[in-house]
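Contents: one structure, followed by commentary.
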Amino acid sequence: MPIGNGSSSGSKPGHRPVAVKPPIPEIPAPVWRSFKDLQEWEQLHQERPEGDKHSAAFVSITEGIHSFPGGFVVTTVADAFLNWARKSSVWPVTFGLACCAIEMMATFASRFDVERLGMVPWASPRHSDLMIVSGTVNIKMAPMLKRIYEQMPDPKWAVSMGSCANSGGPFRHGYFVVKGVDRVIPVDVYVPGCPPPPESLLNGLLLLQDQISHFRRTGKRAEPNPKVD
Amino acid sequence: MTPAQARTLVSERFPAAQIEPPAEGAPVTVTVPPDQWFALARFAKDDLRCRFFSFLSAVDWKDQGLEVVARLDHLDDRVGLMMKTKLGPGVSACPSITPIFRGADWMEREAYDMFGIRFEGHPDLRRILLTDDWEGHPLLKSYAVDTPHPPYR
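In structure tokens:
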């Protein structure tokens with residue numbers, strides 16, 4: 000069995016080189032020379048289409064159960080159970096951008112302790128459900144933010160924390176500031192403040208949990224249901 | 000060397016230079032025409048021994064055009080030299096002092112990035128902070144703040 004290629008000809012005799020399959024499809028490795036390369040690389044990784052979040056078989060089975068007489072009891076109970084599970088383990092990705100991240104860290108720390116709500120700040124977007132955009136997003140950072148958001152598995156949520164992420168804040172008239180992170184990713188809860196104190200962010204996270212509990216089987220985002228004090 | 004001696008040396012070497020009157024705590028501030036900019040930097044480094052290049056920036060004076068500002072310091076004596084040159088209205092070309100001070104390299108790239116000043120003789124004049132496909136120079140007074148930049152604003 001011929002293994003190896005020309006590059007492995009210099010190996011020691013007796014050492015079997017390991018055949019490595021070429022990657023499929025041929026996507027060039029990310030080159031971080033300049034911003035333009037990143038944009039080209041971004042074009043190769045297109046967004047998934049909207050209908051791609053559930054498989055067609057899953058959708059047809061659940062639709063069949065739901066339209067069966069009395070079947071809505073099964074689907075709504077399953078929805079309620081799944082939403083309870085989802086809202087009880089929201090893992091935010093640690094994505095601190097600016098000074099709001101200090102308040103975010105204070106919220107994650109022991110005094111306010113979001114871990115009692117089931118939130119574990121996690122350092123990988125691939126294991127996370129929530130992105131807290133804490134800080135000013137500028138035009139150079141927006142593609143990176145979008146890439147990290149795209150790496151999170153569905154269903155996923157986003158909280159825009161602070162004036163800068165909501166609308167640009169005091170830097171709104173700067174030439175390099177994205178005027179609200181909702182121009183880059185969809186946002187579920189906006190937390191006002193400059194910066195928001197931990198109590199405010201905690202209230203936003205509770206609002207998000209309330210919103211998750213109304214999450215629908217279709218994958219559509221529910222209308223926010225604000226708690227009234 | 001004292002600041003007074005530095006003033007005398009500069010006024011002898013550059014008769015066309017405008018030297019501002021001495022003030023408490025202010026550096027020696029010299030304004031020269033752009034064609035003497037390189038010579039003033041060479042003179043300041045070799046003769047005045049102001050070997051520490053502090054910064055280089057620019058000012059947009061709207062109708063009067065752009066002004067390039069650089070600050071040099073003497074490391075042993077308390078002599079600071081503030082070099083200025085007015086490019087004139089509509090002019091965006093200026094001699095580069097990067098061959099004299101290596102530290103001026105990125106400063107001039109930033110001035111080019113923000114003000115569009117083309118430093119002649121710079122080894123690698125391209126944008127340093129903004130992206131390569133950015134249109135315009137944002138610190139100019141004529142730059143519209145709300146210039147659209149797809150896809151994010």
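Sequences listed follow chains A and B, in order. Under numbering that gives the first Met the number 0, the first sequence has 136 at position 137, and the numbering climbs by one with no breaks. Under numbering that gives the first Met the number 0, the second sequence has 17 at position 18, and the numbering climbs by one with no breaks. Ideal Cβ placement from N, Cα and C applies to all residues, glycine included.
(request) Assign Trp31 of chain A to one of three DSSP states: helix, strand, or coil. (result) With a pLDDT of 48 at Trp31 of chain A, under the threshold of 50, the modelled position of this residue cannot be trusted, and the question is left open.
(message) Can you tell me where the beta strand (DSSP E) holding Gly161 of chain A begins and where it ends?
(response) Counting along the chain, Gly161 of chain A falls outside any beta strand (DSSP E), though it belongs to the alpha helix (DSSP H) covering Gly161 to Ser166.
(message) Going by DSSP, what residue range makes up the beta strand (DSSP E) through Lys24 of chain B?
(response) Per the sequence presented here, residue 24 of chain B reads as Gly, with Lys not at that position. Counting along the chain, Gly24 of chain B falls outside any beta strand (DSSP E), and DSSP gives it neither H nor E.
(message) Assuming contact is defined by CB atoms lying nearer than 7 Å, are Thr135 of chain A and Ala97 of chain A in contact in what I supplied?
(response) yes
(message) Judging by CA-CA distance, which residue of A:Gly192, A:Ala164 and A:Ser212 is the nearest neighbour of Phe94 of chain A?
(response) A:Ala164
(message) Closer than 7 Å between beta carbons: that is the criterion. Which residues of the stretch 173-200 of chain A meet it against chain B?
(response) Tyr174, Val177, Lys178, Arg182 and Val183
(request) Apply the 10 Å Cβ neighbour rule to Lys180 of chain B and answer buried if 16 or more other Cβ atoms are within range, or exposed otherwise. (result) Here chain B covers residues 0 to 152 and nothing more, so residue 180 of chain B does not appear.
(message) On a Cα-Cα basis, can you pick out the residue from B:Asp46, B:Arg125 and B:Ile116 that is closest to Met0 of chain B?
(response) B:Asp46
(request) Helix, strand or coil for Thr1 of chain B, going by three-state DSSP, please let me know. (result) coil
(message) Helix, strand or coil for Gly70 of chain A? Go by DSSP, reduced to three states.
(response) coil
(request) Taking only the alpha-carbon atoms, compute the straight-line gap between Trp156 of chain A and Pro32 of chain B and give it to the nearest angstrom. (result) 59 Å
(request) Count the other CB atoms, across all protein chains shown, that sit within 10 Å of the CB of Ile211 of chain A; report buried if there are 16 or more and exposed otherwise. (result) buried
(request) Quick one: grab the DSSP three-state call for Asp112 of chain B. (result) helix
(request) Return the bridge partner residues of Asn137 of chain A from the DSSP annotation. (result) A:Val176
(message) Going by DSSP, what residue range makes up the beta strand (DSSP E) through Phe51 of chain B?
(response) Phe51 to Asp59
(request) Indicate whether Gly203 of chain A and Val158 of chain A have their beta-carbon atoms separated by less than 7 Å. (result) yes
(request) Evaluate Glu134 of chain B with the Cβ neighbour count: other Cβ atoms within 10 Å of its Cβ, from every protein chain shown; 16 or more gives buried, anything less gives exposed. (result) exposed
(message) Going by beta-carbon coordinates alone, are Arg101 of chain B and Asp112 of chain B separated by less than 7 Å?
(response) no
(request) Indicate whether at least one CB of chain A lies closer than 7 Å to the CB of Val58 of chain B. (result) no
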